[in-house]
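Take 12 as the starting number for the sequence shown in our numbering and just add one per residue. Using N, Cα and C, we set each Cβ at its ideal position, and we do this for glycine too. These numbers come from a predicted model, not from an experiment.
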Amino acid sequence: MDQADHPTALLPGDVRIPLLGFGTWQATGEAGYQAVLAALDTGYRHIDTATMYGNEEEVGRALRDSGLPREEVFLTTKLPPERVGRERETIEQSLRALGVDQVDLWLVHWPPSESGDLIPVWREMLAARDAGLARAVGVSNFSTGQIDELIQATQEPPAVNQIKWSPPLYDRQRHLEHRDRGVVLEGYSPFKASNLSDPVLTRIAAAHEVSPAQVVLRWHLDHEIVVIPKSVTPERIRANSDVFGFSLTPEEMRDIDALGKV
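Pasting the structure below:
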């Protein structure tokens, strides 16, 4: 996976996020460390973690042991909603655990349970960015309505909204709502939320001599949607990164889109 081949999306502040990232949910302990190290060795340059994953130290250790310059790896972590009111303390703990001076992207992991906390937590995220603790800030699992509340209160849209996304969950309207607001859509659970034996995916995979999983990832990239597959198996980690040697035709994209709510 050549670094030059990595497509990116542009975030505010001239920050570029690689469209293909490596998810680390449930990748903890030594297995988590080895998985992140394998991903970086394979060529991933975008690692997604979170405070609630309990693996920031392993991610940070793998990043250091990879020997890669810090600026070559895009690093995301997330604020748990129960830490509302302790945002600064939480990001500082994350930075210590990761062993870095700043993260590239910091997200609110879920909307706070109290709707009155929505704007205050967003203001604290923006303050952390302005203090240089994160290059960009965004949200995860937010509705369009909640994003609009943040924009209305602060005139600052989240850089990213990370939500569950896959061909069966495809929603053209929701994708457009993000684009219209200048929010980059980032998808998680691309395989868990897909039927990899679906005839449409298997037919397109056969046409390109790739796997249905690789078709799902390429579909995200061709839509300019960030995707973060996760695996702790070196072979799968490599296969998931091998999606730059082909692209889908407009007809194939339409056929896959049709699996969701078009």
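- Around the Cβ of Glu135, a 10 Å sphere holds 16 or more other Cβ atoms; the residue is buried.
- Taking every protein chain shown into account, the CB of Ala147 has 16 or more other CB atoms within 10 angstroms, so this residue is buried.
- Annotation: Arg265 to Leu137 spans about 37 Å, alpha carbon to alpha carbon.
- Between Val114 and Ser105, the beta carbon gap of about 7 Å places them in contact (Cβ cut-off 8 Å).
- Secondary structure of Trp121 (DSSP, three-state): coil.
- Taking a 10 Å sphere around the C-beta of Glu69, we find 16 or more other C-beta atoms and assign the residue as buried.
- For the options Leu259, Asp268, Leu22 and Glu83, the alpha carbon positioned closest to that of Arg140 is the one of Leu22.
- The beta-carbon separation of Pro92 and Ser124, rounded to 6 Å, stays under the 8 Å limit for a contact.
- In the three-state DSSP reduction, Glu167 falls in the coil class, being neither helix nor strand.
- Secondary structure within the segment 26-67: the beta strand (DSSP E) runs of 3 or more consecutive residues, fully enclosed, are 26-29 and 57-59 (chain order).
- Within the segment 97-158, the complete beta strand (DSSP E) runs of at least 3 residues fall at 114-119 and 145-151.
- Taking a contact as a CB-CB distance under 8 Å, the pair Ser151 and Asn172 counts as one, their CB atoms being some 7 Å apart.
- Burial of Ala49 is indicated by the presence of at least 16 other C-beta atoms within 10 angstroms of its C-beta.
- Taken atom to atom, the span from the alpha-carbon of Gly65 to that of Asp268 is near 35 Å.
- Within 10 angstroms of the beta-carbon of Ser252 lie 16 or more other beta-carbons, which makes it buried.
- Under a 10 Å Cβ-count criterion, Ala142 is classified as exposed, with fewer than 16 other Cβ atoms of the shown protein chains found around its own Cβ.
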